[in-house]
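Under full-length UniProt numbering, residues 1 to 179 are what the sequence shown spells out, in order.
Data block below; observations after.
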Amino acid sequence: MGTTEAALRDLMVAGLAGDAGAHAALLRALVPLLRGFYRRRVRGGDDDIEDLVQETLIAVHTRRATWDPDRPFTAWLFAIARYKMVDQFRRHARLSPIEDADAIAAADDFEAETIARLDVDTLLEHVSPKQARMIRATRLDGLSVAEAAAAEGIGQSDVKISVHRGLKALVARVHGGTR
Numbered sequence: 001m002g003t004t005e006a007a008l009r010d011l012m013v014a015g016l017a018g019d020a021g022a023h024a025a026l027l028r029a030l031v032p033l034l035r036g037f038y039r040r041r042v043r044g045g046d047d048d049i050e051d052l053v054q055e056t057l058i059a060v061h062t063r064r065a066t067w068d069p070d071r072p073f074t075a076w077l078f079a080i081a082r083y084k085m086v087d088q089f090r091r092h093a094r095l096s097p098i099e100d101a102d103a104i105a106a107a108d109d110f111e112a113e114t115i116a117r118l119d120v121d122t123l124l125e126h127v128s129p130k131q132a133r134m135i136r137a138t139r140l141d142g143l144s145v146a147e148a149a150a151a152e153g154i155g156q157s158d159v160k161i162s163v164h165r166g167l168k169a170l171v172a173r174v175h176g177g178t179r
């Protein structure tokens, strides 16, 4: 199951209905989304990012009854993530800059970001699964080419080619091509 809004929502609904497997699958699916979210916003080491991911997953688990099924799941998720990030900065009294702090603070921008992510998910359905995974890993989740290659068990040049060809196909599609 993917990480689209609909897929995540279905897992959340099933989890709330008592399906422990769906709830566990939801939490596993959220890990790469949250890592990418924090990598783009937090200046710090991998330990800080992993701490934030774990704290957010715990919050999603403990506060799952507060989610309103009439609202987008990912908007609720990223609101929790934002609060966890702010709490982390306060706890550590860091003065490191937060990229796009105004955008992070505004809930409307969170919803816009979520919608944009869903648009990207829809767009990535038009390239091969491998190209979509490599684009997502390197361009959205913030992995280096080496990290993406290691995670996928392929060569770095294969990652670069997949990303290049996938992006080329997406550009052609957006500009009215038939790919």
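Note that beta-carbon positions come from the ideal geometry of N, C-alpha and C, so glycine has one too.
Since the model is a prediction, treat every value here as computed from it, not as a measurement.
Proximity to A20 [Cα-Cα], best of H61, V42, V53 and G36: When each option's Cα is compared against that of A20, the closest is H61.
From H164, A17, W76 and E50, residue whose alpha carbon lies closest to that of P32: Here the closest residue by C-alpha is E50.
Closest Cα partner of D87 within the set R41, L52 and H175: Considering only alpha carbons, the answer is L52.
CB contact flag (G36, L140, <8 Å): The Cβ-Cβ distance between G36 and L140 falls below 8 Å.
Straight-line gap, R120 to R90 (C-alpha atoms, nearest Å): A quick correction: the sequence has Val, not Arg, at residue 120. Rounded to whole angstroms, V120 to R90 spans 32 Å at the Cα level.
Rounded straight-line distance, which links the Cα of A146 to that of D46: Taking the straight line joining both Cα atoms gives about 16 Å.
Supposed contact pair R40 and G176 - C-beta distance, whole angstroms, cut 8 Å: With a Cβ gap of about 30 Å, G176 and R40 do not count as contacting.
Under the three-state DSSP convention, the category residue 180 falls into: Beyond the ends of the chain as shown, which are 1 and 179, falls residue 180; an answer cannot be given.
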